[in-house]
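Written below as structure tokens is the structure these notes are about.
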Amino acid sequence: MSQRIVIDPVTRIEGHAKISIQLDDQGQVEGARFHVTEFRGFEKFCLGRPFWEMPGITARICGICPISHILGSAKAGDAILAVKVSEQANKLRRLMNLGQYVQSHALSFFHLSAPDFLLGWDSDPATRNVFGLIKANPDLARKGIRLRQFGQEIISLLGGSKIHPAWAVPGGVRGPLTTEGIDWIKDRLPEANETAELALSLFKGMMDKFKTETQIFGNFPSLFMSLVGPDGEWEHHDGGLRFVDAAGNILADHVAAADYQTVIGEAVEPWSYLKFPYFKLMGYPAGGYRVGPLARLNCAEHMQTPRAERELQEFKGLASGSVNNTFLYHYARLVEIIAALDTIEQLVSDPDIQSDMVRADAGVNNLRGVGITEAPRGTLFHDYTVNRDGLLEHVNLIVSTGQNNLAMNRTVEQIARHYVHGEKIEEGMLNRVEAGIRCYDPCLSCSTHAVGQMPMEVSLLAHDGSVLDTVARA
Amino acid sequence: MAVKTLTIDGKAISAREEQTILQAARENGISIPTLCQLNGTSDIGACRLCLVEVAGIPKLLPACVTRVGEGMEVSTDSERIREYRKMIVELLFAERNHVCAACVENGHCELQDLAISVGMDHSRYDYMNPKCAVDITHKRYGIDHNRCVLCGRCVRVCDEIEGAHTWDFQGRGANTRTISDMFVPWGQAASCTSCGKCVQACPTGAIFRRGSTVAEMQKDRTRLDFIVTAREKKQWIA
């Protein structure tokens, strides 16, 4: 008899999701699905609003990476105003984005994922969390929390608050960084660097221990997409889109923001609120791609600073083409913290970040504007169409986690195939499915912003796991 | 000039006979919450936030349009008044679509301040969620009817101080809308001098500077009072 296994809810991710695993007659895994059961509606209820308000409104999509939405939205606004923001304003925006990289990546590594690595996948779920980590290794936990605080404080020093600072606006930013802010950042940088180096060496030291996880946590060939700079360098805010395949070949390069729809399509499935973006030239679902830290390192040819460049090349040495192991998202995230800290150090010594010439003023000069930025979790698109007055008529948001949707489903399936045999579910398997998903650091509240009536399926399961009833809404 | 003596909250005070309870209270350092009242413009008693109790009169009276009387015993604070004030603010929030977090006026809004001062933590009334438009056809300013509380400050300031009378009301009750000229988009209102007094007068984020982003609108209402005082006292004539 076929059987369905449901894991609900999935813990230690941002948002709510459900996983169902379908077994065949022989009790072998037939397929697995990662359901996103959240529903937001931003693309619909933003209609009719002035586009100037959008950085403030869309920031509310998420409390972990509001900065990405603020920046993506402000960039779309720049395009509608038809202004090029000043070099000073752009440096300030970049600084805030890097602060966010540090805080978000530190959160993912120390608060959400480290409990798995350090306490063990099969340790008691009740203590396999950041509190358990604080108990087991208070010094490391404290360092991780302070690293996140460092990133959060950069955001706060620039924008006035850690969460949802309405600071980046169409045309630039509201204000520069103060001397006190610069001093604070410079003062805390050495400690942040030390913690980042420690985490990276810690992870590298554990690589041998996690050979199985590296091989089965979503190890499959796929495309990767991210922004890259003009010379193919690592980029987190400017530049153009690049697609590379599993072997590292470049399939599309320097695609401008306004042209993103020539390379990206969005598919929908009836069983999830999350859309399935794909690379258009390869079609759906073959054109599924991954975004985020792993994709950025796979797309980038080099880093901007010597220390980050060394780490990038060492990372790239793990595979002959692209690094395809989803588990190594964790590794890539730590390399990016290093790169972010190096660049923050450069920026705080640049006099431009104290300039007050940071905001361009203009009217509506384009009816459509697309803003792309690299959020910690991957590429983020804000695409607005406005009327002559600047009121929104159409909004399309493509967020990072959405683009990892296909890959997350494959990851769940791969892990399930490895760990599920027969009708009994071992606790260890549940932990690993969750951990597999957590590699992507998914942000589900972000990615399900669209509105519309979608079919929903609810499965009722008995204690023994057999399906008692299924209700479907067409 | 006749003087009336009365008590407000037990405090014996004297006031000129043409003064309102609100004016007398303020002169004596007694604060009464208001919303539609705006120094420099006429009082209309629209918002009812300044309701006070007067001994011997069963109903509550709006302090901004009630003249002082000899021997009046006024109470500005009681359980009943607090309950009504809170109810009024809750009703204001329920009537339109006030989303503070994404509002241009967040942090500088009189309605928001009122909600905090009356201790409103939620609205007991169902939100009406009306469909309201945003008009940013004007070159410099915009009006978002979602945030309008129909206080009429813009109407009075435009008529009484600027003398343009661009703004007025259309409809009745909850369906009332602030309109420019004969219900044309603000950008097409020929009478508008673009002086911006309505922007400064508006207590919420309903009227704002075009291009404002979240929480950055700050208004200076003292300028309106300054203009009126200077005009009345002929301060510009040497």
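If you read the sequences in order, they're chains R and L. Take 1 as the starting number for the first sequence in the numbering used here and just add one per residue. Take 1 as the starting number for the second sequence in the numbering used here and just add one per residue. Every residue gets a Cβ at the ideal spot worked out from N, C-alpha and C, and that includes glycine.
| Simplified DSSP state of Leu397/R, which is helix, strand or coil | strand
| said: Could you pull the DSSP bridge partners for His302/R from this structure? | reply: Glu233/R
| task | Give me whichever residues DSSP pairs with Ala32/R in a beta bridge. | result | Ile21/R
| query | Since Leu312/R and Met303/R are thought to touch, with beta carbons under 8 Å apart, how far apart are those beta carbons, to the nearest angstrom? | reply | 5 Å
| Taking 8 Å as the CB-CB cut-off, is Ala102/L touching chain R? | yes
| Min CB distance Ile136/L to chain R below 8 Å | yes
| task | Return the CA-CA distance between Glu457/R and Glu413/R, expressed in angstroms with no decimal places. | result | Its pLDDT being 36, under 50, Glu457/R is placed unreliably by the model, and the measurement read from it follows with that caveat. Computed Cα separation, rounded: 19 Å.
| query | Among all the DSSP beta bridges, which residues are the ones paired with Gly371/R? | reply | His382/R
| From what residue to what residue does the beta strand (DSSP E) around Lys233/L run? | Counting along the chain, Lys233/L falls outside any beta strand (DSSP E), and DSSP gives it neither H nor E.
| Is the shortest distance between the beta-carbon of Ser445/R and the beta-carbons of chain L less than 8 Å? | Any reading at Ser445/R needs caution, since the residue's pLDDT is 46, under 50, leaving its predicted position unreliable; the model's value is listed next. Answer no: the Cβ-Cβ gap between Ser445/R and chain L never drops below 8 Å.
| field | Residues bridged to Phe169/L [DSSP beta-bridge criterion] | value | Thr178/L
| Bridge partners - Asn365/R, DSSP secondary structure assignment | Its beta-bridge partners do not exist; DSSP assigns none.
| query | Going straight from the alpha carbon of Gly29/L to that of Lys11/L, what length do you get? | reply | 11 Å
| task | Determine the chain L residues that contact Ile57/R at a beta-carbon separation under 8 Å, and present them in chain order. | result | Ala102 and Val214
| message | So Asp389/R contacts chain L; which residues on that side make the cut at Cβ distance below 7 Å? | response | Ile136 and Thr137
| Touch check for the region 114-126 of chain L and the region 84-98 of chain L: three-plus C-beta pairs under 8 Å? | yes
| query | Using the beta-carbon count (16 or more within 10 Å), is Leu391/R buried or exposed? | reply | buried
| request: Report all residues from its chain with a CB closer than 6 Å to the CB of Met368/R; omit the five preceding and five following residues, and keep chain order. | output: Looking at the sequence itself, residue 368/R is Arg, so the reference to Met does not match. The residues are Thr385.
| request: Specify the secondary structure class of Phe220/R as computed by DSSP and reduced to three states. | output: coil
| query | Under 8 Å, do Ile32/L and Ala24/L count as touching if we go by C-beta distance? | reply | no
| To which residues does DSSP link Thr7/L through a beta bridge? | Ala12/L and Glu73/L
| field | Which of helix, strand or coil DSSP assigns to Gly239/R | value | coil
| Span of the alpha helix (DSSP H) holding Tyr331/R? | Tyr329 to Val348
| request: Compute the beta-carbon to beta-carbon distance between Arg296/R and Ser226/R, rounded to the nearest angstrom, for a pair I have assumed lies under 8 Å. | output: 4 Å
| query | Quick one: any contact between the region 315-326 of chain R and the region 131-141 of chain R, if contact means 3 or more CB pairs under 8 Å? | reply | no
| query | So, does the CB of Glu393/R fall closer than 8 Å to a CB anywhere in chain B? | reply | The chain inventory of the structure shown lacks chain B, comprising the protein chains R and L.
| task | Classify Thr41/L as helix, strand or coil using the three-state DSSP reduction. | result | coil
| field | CA nearest to the CA of Arg410/R, picked from Glu301/R, Ala286/R and Ile337/R | value | Ala286/R
| task | Sort out for me which residues DSSP pairs Ser226/R with in a bridge. | result | Arg242/R
| beta-carbon Thr7/L near the ligand NAD non-hydrogen atom, thresh 7 Å | Among the components modelled here there is no ligand, and therefore nothing to report on the ligand NAD.
| Which of helix, strand or coil DSSP assigns to Tyr141/L | strand
| task | Could you tell me which residues DSSP pairs with Val155/L in its beta bridges? | result | Its beta-bridge partners do not exist; DSSP assigns none.
| request: For Gly142/L, return the contacting residues in chain R, with the cut-off set at a CB-CB distance below 8 Å. | output: Pro50
| request: Determine which residues of the region 63-86 of chain R have a Cβ less than 8 Å from any Cβ of chain L, and write them out in chain order. | output: none
| Short-range partners of chain L found in the region 160-172 of chain R, where Cβ spacing is below 7 Å | Ala166 and Val169
| field | chain R contact residues for Gly107/L, given Cβ-Cβ distances below 7 Å | value | Ordered by position in chain R, no residue passes the 7 Å Cβ test against Gly107/L, which lies about 10 Å from the chain.
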